[in-house]
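Heads up, the thing below is written out as structure tokens.
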Amino acid sequence: MKELIRELNQQQREAVLYFDSPLLILAGAGSGKTRVITYKIAYMIEELGFEPERILAVTFTNKAANEMKERLEGLLKREVPVWVMTFHSFCVRLLRAHSVRLGYKPNFVIFDSDDKKRLIKEIIKDLNLDPDLYSPSTIASVISNVKNGTYSLDSMNLYYENIGQIFELYNKRLKESNALDFDDLLICGRDLLAQEDLKRRYSDYFRYVLIDEYQDTNRIQYEIALSLTKEKGNICVVGDEDQCIYTWRGANIENILSFERDFPNAKVIKLEKNYRCSGTILKAANAVIANNRKRKGKTLFTENPDGEPIRLFAAESDVEESQFISSTIKQFLKKGVKPSDIAVFYRTNAQSRILEDALRKEGIAYQIVGGVKFYERKEIKDVIAYLRVALFDSDVVSLLRILNVPKRGLGDAAEKKLKEILKVEKGNLKALEKLAESVSSARQRKAVEDLIEIIRAIREKIPTLPPYDLIKFITTVSGYKEYLQKEYREDWESRYENIEELGNTIQDFAEREKLEGEELYVEFLSTITLSSDQDEMEEGEKVTLMTVHASKGLEFPVVFIAGLEEGIFPHVRSLDSADGVEEERRLFYVAVTRAKKLLSLSYAKRRRFFGTYKSSQKSRFLDEIPSHLIKEVKKKERSGQPALQKTSSTSDKKPKIVFHKKFGKGVVKRVEGSGDNAKVTAFFANYGEKTVIMKFLKVLA
DNA sequence: GTGGTCAATGTTTTT
DNA sequence: CATTGACCAC
């Protein structure tokens, strides 16, 4: 341990060894803050005799938590039961023990944003409000902002006349469903710790609390931390105001200022030496962020060599940009760069598709982090809804979701009746029984009774069947498998595979956590709704594609940032306020500082939006980088290839032989349409006749 | 009353 | 371009 600490620079060492008062570490990008935190924890355990289970370390994502734990265990060469988790997970843990105090049963459900929107949609309908004025996603974010204290309900009342009513009803329905949304988790956690005995108990229990990514905590999270440590001042927070990119979710840079106010004797240590980036990259990052006015001010320096200039490519179109990126990646791979050392970042998820197409055409293995998350896929959510209905008799949102999926002849009218019944009859099964009696036809009656049977059957199997079999059972007993086959003729198999994957995941989870039966599923469900994009990242030899937000906390030797255009990055929705642009700039700063050795920036002069091309201008952020750091990549120098093939793989002539990643070689029988989206029907030796979109095919002849 | 088909319509970022 | 809503035939 002592030798390890000797490796640290002076500031890092001081941060590890300091325990005299509350500690605020302002850690610039790539300054080794994760190292500092892990060493600090290790030092506490090894040298100061702290009991690991009485240390709480809060991270931003579960992935970061796992990594920190792994590093710690690598350092100490044994299992270390430190509480490493996100604020949300921490609150869930508190709530499982004490939820009754706040009027929730301990087996509560967590509503994800999809559940939340569904519920809001119901409420808007029930209140007869105009869905154009009250779009579920807008209302969802308003509710969130009110809950986490960004806006007051009254101030929102100006824009949304009925918001008070919606807000109240939303919370009422949630509570009746024994459900909490993301914001509730934090609020309830805070409220529990506001109770004198619990505050006493937990603040006595935890001997030290550390918070990573402090700049992205919101007020409520801060209050949680405060109630655990206010008295003893046994707290260390690590953050960088220049990397605060979640203000729209209630993150508050003010927390950094509040910290010094609430803990007047706080010690501040700055980590300004960057170990990650090349000199050139760091200079660019510093120059960009200097344009922000709202910052405490810190200047990073590095001893790393300047390295290669930053590349800039001005593409004529979005297609050309993605071709540039994929062909450059291909060159790198040829030169021996590992795919896992390369990442492509973009501002919005919608940009990923075109990049994917280009990489696929070059035959480059890639993974996308984020986008539509695994657990948000329709088929997964449907199956989980069955599970939830079987587990939680109060989960109305899930019941409504499966009422007519698969189609069983219970449409709008039946749904309305059910909702009427639910107003007086609490409990899904009871309500369904009543529905069976009040429904119009014998056919519908049978349908409802069948549904009740399905739910009962699942419920019965929960304690006995292994998880994989239970999931399989759900898909058969509910007729969901046939539904997929009928509804998704083309790709039902991959969807069904996803469901099987879900079964496997639960099985693994059960073995890892040594849980079974109801407890297993309740635990699993809360874990997956709190899982972040990064949690899904795979190890392996693949190029990584993700949004800039998802890249937070990561690093790659080679980084591409695509779509550096006004309106995209900075995003249009941020342009009307100075604060908005500053947040975009911090976001760009985060993106740039992920790169260790090589950074490639690009933009497109024309970009396709919904179907039509729109011309765009290069991002202001590009002009903020000193030009001597940049080398513009000219088209003709690119990859030594002749100018671009105008329409990629599709030629005017009809293809005869094609190649598909999974199906292999195929003989073309028919082509409908033209270009990338042409439908090609071909005969494949091992798979028979298949119809595939052109862009998934390579033309061989 | 339900389910299939057609048209319109909408894209920030996420625990 | 892909999902969601409105409309009409069963």
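Numbering (the numbering used here) for the first sequence: 494 to 1194.
Note that the Cβ used here is the ideal one computed from N, Cα and C, for glycine as well.
Computed from a predicted model, the values in this text were never measured in an experiment.
Ranking Ile-704, Glu-563, Tyr-973 by CA distance to the CA of Leu-517 puts Ile-704 first. Counting of Cβ neighbours within 10 angstroms places Asp-811 among the buried residues, the total reaching 16 or more.
Judged by their CB atoms, Leu-673 and Phe-660 are not nearer to each other than the 9 Å cut-off. Rounded to the nearest whole angstrom, the C-alpha separation of Ser-891 and Gln-708 is 35 Å.
For Arg-547 against Phe-752, the beta-carbon gap comes to about 22 Å, at or over 8 Å, which does not count as contact. The count of Cβ pairs closer than 8 Å, one atom from the region 503-522 and one from the region 652-671, stays below three, leaving the stretches out of contact. In summary, Gln-844 is buried, with 16 or more beta-carbon neighbours lying within 10 Å of its beta-carbon over all protein chains present. Between Ala-1084 and Ser-1112, the beta carbon gap of about 11 Å keeps them out of contact (Cβ cut-off 8 Å). Inter-residue distance for Val-573 and Tyr-1106 is about 55 Å (C-alpha atoms, whole angstroms). The residue from Arg-982, Ser-634, Lys-665, Arg-666 with its alpha-carbon nearest to that of Tyr-653 is Ser-634.
Residues Ala-929 of the same chain have their beta carbon placed closer than 6 Å to that of Glu-942, with the five preceding and five following residues left out of the count.
Taking 3 residues as the minimum length, the region 930-956 contains no beta strand (DSSP E) run wholly inside it.
If you check the CB distance, Tyr-839 and Val-1052 do not come in under 9 Å.
Annotation: the region 808-841 contains the following complete segments of the alpha helix (DSSP H) (minimum length 4 residues), in chain order: 811-827.
Secondary structure note for Thr-631: its alpha helix (DSSP H) is the uninterrupted segment 629-640.
Of the candidates Asp-625, Arg-754, Ser-815, Pro-899, the residue whose Cα lies closest to the Cα of Lys-974 is Pro-899. Non-local beta-carbon contacts of Asn-655 in its own chain, meaning distances under 7 Å to residues more than five positions away in sequence, involve Leu-620, Leu-622 in chain order.
Taken through DSSP and simplified to helix, strand or coil, Tyr-532 comes out as helix. Three or more Cβ pairs drawn from the region 767-776 and the region 790-798 lie within less than 8 Å of each other, which places the two stretches in contact. Ser-751: member of the alpha helix (DSSP H) spanning 747-755, first to last residue. The C-alpha of Asn-664 is placed about 15 Å away from the C-alpha of Lys-916. Each of Val-702, Glu-706, Ile-713 was checked against the Cα of Ala-687, and the nearest Cα belongs to Ile-713. Secondary structure of Leu-764 (DSSP, three-state): strand.
Of the candidates Tyr-981, Leu-880, Val-593, the residue whose Cα lies closest to the Cα of Ile-999 is Leu-880.
Beta-bridge partners assigned by DSSP to Gln-860: Thr-1037. By the Cβ rule, the region 803-821 counts as touching the region 1084-1103, because three or more pairs are nearer than 8 Å.
In this structure His-591 is not in contact with Phe-675, their Cβ atoms being roughly 19 Å apart against a cut-off of 8 Å. Non-local beta-carbon contacts of Leu-1008 in its own chain, meaning distances under 7 Å to residues more than five positions away in sequence, involve Glu-1016 in chain order. Taking each of Asp-886, Phe-1049, Asn-997 in turn and checking the Cα distance to Arg-949, the smallest one comes out for Asp-886. Contact holds between the region 848-860 and the region 812-820, because three or more Cβ pairs, one in each stretch, are under 8 Å apart.
Cβ-Cβ separation between Gly-996 and Lys-954: approximately 13 Å, too far for a contact (criterion under 8 Å). Leu-1115 and Val-1161 have their C-alpha atoms spaced approximately 46 Å apart. Counting every other CB atom within 10 Å of its CB across the protein chains shown gives Asn-784 a total below 16, marking it as exposed. Residue range 606-619 is occupied by the alpha helix (DSSP H) that includes Lys-609.
In the DSSP assignment, Tyr-961 falls outside any beta strand (DSSP E) and lies within the alpha helix (DSSP H) extending over 960-970.
The way I'd put it, the region 1059-1075 doesn't touch the region 711-725; fewer than three beta-carbon pairs between them come closer than 8 Å.
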